[in-house]
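K.L.:
Sending over a structure as structure tokens; questions will come in a sec.
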Amino acid sequence: MSKRAVLEVIALGVEDAVAAQAGGADRLELVTDMAADGLTPSAGTFAGIRAAVDIDLRVMLRLADGFGAGDVEEVVRAAREMRGAGAEEFVLGFLGADGGVDLAAVERVVGELDGCRWTFHRAIDRAADRDALRKQLDGMPGLDTYLTAGSGAGVDGGLPTLLAEAARSGEPGYEQRILVGGGLRLDHVPMLLAAGIDAFHIGGAARPDGWDGPVSAGAVAEWRAVLDGAA
Numbered sequence: 001m002s003k004r005a006v007l008e009v010i011a012l013g014v015e016d017a018v019a020a021q022a023g024g025a026d027r028l029e030l031v032t033d034m035a036a037d038g039l040t041p042s043a044g045t046f047a048g049i050r051a052a053v054d055i056d057l058r059v060m061l062r063l064a065d066g067f068g069a070g071d072v073e074e075v076v077r078a079a080r081e082m083r084g085a086g087a088e089e090f091v092l093g094f095l096g097a098d099g100g101v102d103l104a105a106v107e108r109v110v111g112e113l114d115g116c117r118w119t120f121h122r123a124i125d126r127a128a129d130r131d132a133l134r135k136q137l138d139g140m141p142g143l144d145t146y147l148t149a150g151s152g153a154g155v156d157g158g159l160p161t162l163l164a165e166a167a168r169s170g171e172p173g174y175e176q177r178i179l180v181g182g183g184l185r186l187d188h189v190p191m192l193l194a195a196g197i198d199a200f201h202i203g204g205a206a207r208p209d210g211w212d213g214p215v216s217a218g219a220v221a222e223w224r225a226v227l228d229g230a231a
């Protein structure tokens, strides 16, 4: 029997979350302010979504546009607040001015998560050296996923990188699951699955009316059907 591929959907609120779960999402990434590419939601938003659905929730820890950490202690306070509200999974990632991973910031925030599972997000697609970033983060507590398009420009340009990184699965720095997102389309799915990639992340693709509209259960269900059929 084929293993079910993971489908993660961006949710901005309870309506999105309920629709995503109804359509067959396995997990939600909780954010606010998509004009800034997704920032940390309020603890109240998290609590409302947690009460409305029973699938996994990963909460974004990012307080401003861009991939710099900014005030790290503010990010730590946000993480502490979310932990207090019951959050158990997170999304984060910080780069320095040189394009390398801001290891000090990542370690400071991860230290507040007390072993919770987390995703390093698409900051990897803006890194000066992806391989170096992965190796520097190797062994970081709780890190189990990289959200990536393989390129800052999106999956179309990043496919060769995604396939090459999938082929290195299990090597130091490459043990984590690849979660593909960023310009992802349904026609990308068969090739990615064939390469052993089994996790997919959608945002705008789940919203037929764009970011001003809600998640559509039907759109999510279409992705679920393709993932299940291709798998």
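Counting from 1, one number per residue, gives the positions in the sequence shown under this note's numbering.
For every residue, glycine included, the Cβ atom is placed at its ideal position computed from N, Cα and C.
These figures come from a predicted structure and were not determined experimentally.
Which of the three DSSP states, helix, strand or coil, is assigned to Val215?
P.N.:
Your numbering for residue 215 matches position 215 in the sequence shown. DSSP places Val215 in coil when its eight states are reduced to three.
K.L.:
Which partner residues of Trp118 appear in the DSSP bridge assignment?
P.N.:
Taking the sequence shown and counting its residues from 1, the one referred to as residue 118 is at position 118. In DSSP, Trp118 forms a bridge with Phe90 and Leu143.
K.L.:
I'd like the span of the beta strand (DSSP E) that includes Ile10, first residue to last.
P.N.:
The count along the sequence shown starts at 1 and reaches residue 10 at position 10. From DSSP, the beta strand (DSSP E) with Ile10 extends over Val6 to Ala11.
K.L.:
Using a Cβ-Cβ cut-off of 7 Å (strictly less than) and excluding sequence neighbours within five positions of Gln21, which residues of its own chain qualify?
P.N.:
Within the sequence shown, residue 21 is the residue found at index 21, counting from 1. For Gln21, where only same-chain residues beyond five positions count, the Cβ hits under 7 Å are Val53 and Ile55.
K.L.:
Just to confirm my understanding: we take Pro271, look at its own chain, exclude 5 residues before and 5 after, and list those with CB closer than 7 Å. What are they?
P.N.:
Any answer about residue 271 is impossible in this case: the structure gives the chain only from 1 up to 231.
K.L.:
Taking only three categories from DSSP, how would you classify Thr32?
P.N.:
Position 32 of the sequence shown holds residue 32. Thr32 falls in the strand class under three-state DSSP.
K.L.:
DSSP on Phe200, reduced to helix/strand/coil?
P.N.:
Start at 1 with the first residue of the sequence shown, and residue 200 comes out as number 200. Residue state, collapsed to three classes: strand.
K.L.:
Looking only at its own chain, which residues have a Cβ that is under 7 Å from the Cβ of Met1, when we skip the five neighbours before and after it?
P.N.:
Stepping through the sequence shown from its first residue, residue 1 is reached at position 1. At Met1 the pLDDT is 37, less than 50, meaning the model places this residue with poor confidence and gives no usable figure here.
K.L.:
In this structure, how does DSSP classify Asp56 when only helix, strand and coil are distinguished?
P.N.:
Position 56 of the sequence shown, counted from the first residue, corresponds to residue 56. Correct three-state label for Asp56: strand.
K.L.:
Where Ala231 and Glu165 are concerned, what is the direct C-alpha to C-alpha distance, given to the nearest angstrom?
P.N.:
Residue mapping note: residue 231 aligns to position 231 of the sequence shown, counting from 1. Residue mapping note: residue 165 aligns to position 165 of the sequence shown, counting from 1. Reliability fails at Ala231, whose pLDDT of 49 lies under 50, so the model's placement of it is uncertain and no value is given.
K.L.:
Specify the secondary structure class of Leu61 as computed by DSSP and reduced to three states.
P.N.:
Your numbering for residue 61 matches position 61 in the sequence shown. In this structure, Leu61 counts as coil in the three-state DSSP scheme.
K.L.:
Just to confirm my understanding: we take Gly96, look at its own chain, exclude 5 residues before and 5 after, and list those with CB closer than 7 Å. What are they?
P.N.:
Residue mapping note: residue 96 aligns to position 96 of the sequence shown, counting from 1. For Gly96, where only same-chain residues beyond five positions count, the Cβ hits under 7 Å are Asp102.
K.L.:
Run through the DSSP bridge pairs and tell me what Arg177 is partnered with.
P.N.:
Locating residue 177 in the sequence shown gives position 177, where the first residue counts as 1. Thr145.
K.L.:
Am I right that Leu61 and Val109 are in contact with their C-beta atoms under 8 Å? What's the rounded C-beta distance?
P.N.:
In the sequence shown, residue 61 corresponds to position 61, counting from 1. In the sequence shown, residue 109 corresponds to position 109, counting from 1. With a Cβ gap of about 6 Å, Leu61 and Val109 count as contacting.
K.L.:
In whole angstroms, what separates the C-alpha of Ala17 from that of Gly229?
P.N.:
As a first step, residue 17 must be located in the sequence shown, where it is residue number 17. As a first step, residue 229 must be located in the sequence shown, where it is residue number 229. So the two alpha carbons sit approximately 24 Å from each other.
K.L.:
Alpha carbon to alpha carbon, how far is Ala64 from Leu227? Give it in angstroms, no decimals.
P.N.:
If you number the sequence shown from 1, residue 227 lands on position 227. If you number the sequence shown from 1, residue 64 lands on position 64. Leu227 and Ala64: Cα-Cα distance of roughly 33 Å.
K.L.:
Mapping DSSP to helix, strand and coil, what is Leu39?
P.N.:
Here the question's residue 39 lines up with position 39 in the sequence shown. It is a strand residue.
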